């Protein structure tokens with residue numbers, strides 16, 4: 074028999090998960106990727122909330138509908154010459170002397186665009202109790218990489234991108250008559266596929282190897298705090314820690330530990 | 003049947019774990035087990051607690067005394083001694099087995115003739131002591147509180163006459179109870195910090211374990 078046994082059912086384990094999500098906090102990364110035909114640089118931040126737990130013996134915790142909340146700020150260069158017609162201002166000739174021929178060359182502009190959304194993920198996690206330095210940890214580690222389904226909101230993000238492009242180029246002289254049609258063409262060039270492809274490349278690294286920590290205590294575990302010069306701190310030494318899922322009338326996460334004085 | 007039953011969390015400390023906890027507490031704070039007046043414990047330290055002498059007319063400075071307990075061994079119900087214990091635990095109780103060392107400073111004469119003038123010689127006896135007790139929860143809120151140990155009965159085998167046994171048993175019961183008041187097993191330790199327990203049931207003693215149930 075282990076010195077200590079602690080058990081949590083699925084309701085309690087869900088609460089442990091919610092705490093672990095908060096402890097993981099917000100993860101960030103930056104990089105570059107393809108937004109349709111364009112090369113975009115981005116910075117992204119991700120945190121996790123919610124979800125429900127199903128415990129499966131001997132050591133699987135299935136997390137369902139965990140909310141992956143993300144924010145992305147990206148920018149990409151847009152050469153308007155690729156999307157707008159070329160034209161020249163008409164020459165004015167008086168008595169054979171004409172004004173020079175002036176042709177319009179459209180600029181390359183940088184389009185900044187930021188957006189936030191949520192995608193739900195479901196995946197199996199396995200329990201990993203281990204000693205790391207001075208601490209005992211129990212992590213739950215994702216198995217594989219779940220499918221990211223970005224869903225119906227992608228279209229609204231694409232529409233917002235169109236508005237951002239419009240705002241970024243509206244100042245350019247002479248662009249007025251061509252602006253609306255150009256934005257439609259640019260957004261179509263990116264498309265749902267281009268946007269979800271970039272999102273996939275941004276979000277997947279946050280999910281690959283995803284680990285939540287549900288237990289962390291010092292191996293040298295404090296039982297009683299110090300309370301005076303003759304009452305030093307009382308510690309025990311946790312020598313072994315195990316975590317499994319056990320089946321009975323309801324499946325439970327069971328943590329068992331042994332310790333010495 | 004699940005460990006959590008109708009609750010959401012469960013935690014238990016086995017008999018071996020309880021004894022390790024007590025070993026840790028008493029080896030770090032041995033003054034919980036050792037008490038004595040100035041002849042035996044000149045000043046309170048982490049090792050021992052200084053106590054006043056027992057004042058009595060004609061005894062200069064009072065009666066010097068000391069009492070020490072060996073680190074007790076706890077047996078949670080059911081009995082693990084195989085019948086060897088003279089005071090086996092019954093349902094929802096534990097027993098304690100320890101050795102009690104009693105000392106007095108035996109004062110010689112007043113030294114009227116100049117010999118042995120007021121000399122105090124330590125005399126020691128050891129008693130085998132068994133105690134029966136129950137656990138008392140002190141719960142103050144989620145994740146806070148502790149389990150205390152209360153002694154209800156003490157047995158000193160083979161003390162004669164019976165009246166002396168009764169007196170000593172009552173004395174040792176009072177002293178053990180007083181010493182154990184310092185022993186507090188925090189609820190968070192029963193789960194090794196895994197759970198911030200909202201206590202709903204227990205603690206109870208069964209299956210050689212102290213068990214608690216609740217939610218988080």
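Chains as they are written, first to last, in this note's numbering: chain A, 74 to 334; chain B, 3 to 218.
Where a beta carbon is used, it is the ideal one built from N, C-alpha and C, also for glycine.
Note that the coordinates shown come from a computational prediction; the quantities given were computed from them, not determined experimentally.
Rounded distance between the beta-carbons of residue j and residue i, thought under 8 Å
i	j	result
residue 36 of chain B	residue 51 of chain B	7 Å
residue 309 of chain A	residue 196 of chain B	Contact flag wrong, Cβ pair sits at about 14 Å.
residue 103 of chain B	residue 138 of chain B	Not confirmed; about 27 Å, so no contact.
residue 78 of chain B	residue 207 of chain B	5 Å
residue 198 of chain B	residue 145 of chain B	4 Å
residue 277 of chain A	residue 221 of chain A	7 Å
residue 181 of chain A	residue 151 of chain A	7 Å
residue 21 of chain B	residue 76 of chain B	6 Å
residue 105 of chain B	residue 58 of chain B	Not really, about 17 Å apart at Cβ, beyond 8 Å.
residue 288 of chain A	residue 328 of chain A	7 Å
residue 199 of chain A	residue 218 of chain A	Rounded, the Cβ-Cβ distance is 14 Å, inconsistent with contact.
residue 317 of chain A	residue 132 of chain A	5 Å
residue 167 of chain B	residue 161 of chain B	4 Å
residue 5 of chain B	residue 74 of chain B	Actually they do not touch by this definition, with Cβ atoms about 28 Å apart.
residue 132 of chain B	residue 177 of chain B	At roughly 14 Å, the Cβ-Cβ gap does not stay under 8 Å, so residue 132 of chain B and residue 177 of chain B are not in contact.
Cutoff 8 Å: residue i Cβ touching any chain A Cβ
i	result
residue 146 of chain B	no
residue 189 of chain B	no
residue 53 of chain B	no
residue 207 of chain B	no
residue 23 of chain B	yes
residue 116 of chain B	Because the pLDDT at residue 116 of chain B is just 49, under 50, the model does not fix this residue reliably, and the point stays unresolved.
residue 195 of chain B	yes
residue 40 of chain B	no
residue 212 of chain B	no
residue 46 of chain B	yes
residue 149 of chain B	no
residue 192 of chain B	yes
Pick from the options that is closest to residue i, judged by C-alpha positions
i	options	result
residue 254 of chain A	A/148, A/155, A/121 and A/102	A/155
residue 28 of chain B	B/211, B/199, B/181 and B/130	B/181
residue 194 of chain A	A/243, A/187 and A/141	A/141
residue 183 of chain B	B/129, B/200, B/175 and B/151	B/151
residue 156 of chain B	B/43, B/101 and B/53	B/101
residue 76 of chain A	A/321, A/325, A/312 and A/228	A/312
residue 179 of chain B	B/62, B/83 and B/97	B/97
residue 301 of chain A	B/14, B/8, B/85 and B/48	B/48
residue 140 of chain B	B/185, B/19 and B/71	B/185
residue 293 of chain A	B/200, B/154 and B/194	B/194
residue 158 of chain B	B/202, B/143 and B/87	B/87
residue 8 of chain B	A/91, A/265 and A/323	A/323
residue 135 of chain A	A/266, A/83, A/192 and A/146	A/83
residue 118 of chain A	A/125, A/110, A/111 and A/97	A/97
Cross-strand partners of residue i (DSSP beta bridge)
i	result
residue 195 of chain B	Per DSSP, none; premise fails for residue 195 of chain B.
residue 140 of chain B	B/148
residue 289 of chain A	A/210
residue 128 of chain B	B/103
residue 123 of chain A	Its beta-bridge partners do not exist; DSSP assigns none.
residue 140 of chain A	A/122 and A/193
residue 94 of chain A	Residue 94 of chain A pairs with nothing; no bridge assigned.
residue 36 of chain B	B/70
residue 98 of chain B	B/76 and B/133
residue 3 of chain B	None; residue 3 of chain B has no bridge partner.
residue 51 of chain B	B/37
Chain B contact for residue i (CB, 8 Å cutoff)
i	result
residue 213 of chain A	no
residue 135 of chain A	no
residue 79 of chain A	yes
residue 127 of chain A	no
residue 318 of chain A	no
residue 305 of chain A	yes
residue 206 of chain A	no
residue 328 of chain A	yes
residue 198 of chain A	no
residue 334 of chain A	yes
residue 189 of chain A	no
residue 75 of chain A	yes
Check each residue of the stretch 278-302 of chain A: if its Cβ is closer than 8 Å to any Cβ of chain B, include it; give the result in chain order. For the stretch 278-302 of chain A, the set of residues with a beta-carbon nearer than 8 Å to any beta-carbon of chain B comprises 288, 290, 294, 296, 297 and 302, in chain order.
Could you please tell me which residues of the stretch 128-145 of chain B, in chain order, have their CB closer than 7 Å to any CB of chain A? Along the stretch 128-145 of chain B, there is no position whose C-beta sits under 7 Å from a C-beta of chain A.
Near-chain A residues of the stretch 3-32 of chain B (beta-carbon distance less than 7 Å), N- to C-terminal order: Listed in chain order, the positions of the stretch 3-32 of chain B with a beta carbon within less than 7 Å of a beta carbon of chain A are 3, 4, 5, 6, 10, 11, 12, 13, 14, 15, 16, 18, 19, 22, 23, 25, 26, 27, 29, 30 and 31.
Of the residues that make up the stretch 48-81 of chain B, which ones have a beta carbon closer than 7 Å to any beta carbon in chain A? Cβ contacts with chain A come from 48.
Using a Cβ-Cβ cut-off of less than 8 Å, give me the residues of the stretch 84-96 of chain A that come near chain B, in sequence order. Within the stretch 84-96 of chain A, the residues whose Cβ lies closer than 8 Å to any Cβ of chain B are, in chain order, 84, 85, 88 and 89.
Could you name the residues of the stretch 86-112 of chain B whose beta carbon sits closer than 8 Å to any beta carbon of chain A, in the order they occur along the chain? Within the stretch 86-112 of chain B, no residue places its CB atom closer than 8 Å to a CB of chain A.
Please list, in chain order, the residues of the stretch 226-239 of chain A that have any C-beta partner in chain B closer than 9 Å. Residues: none.
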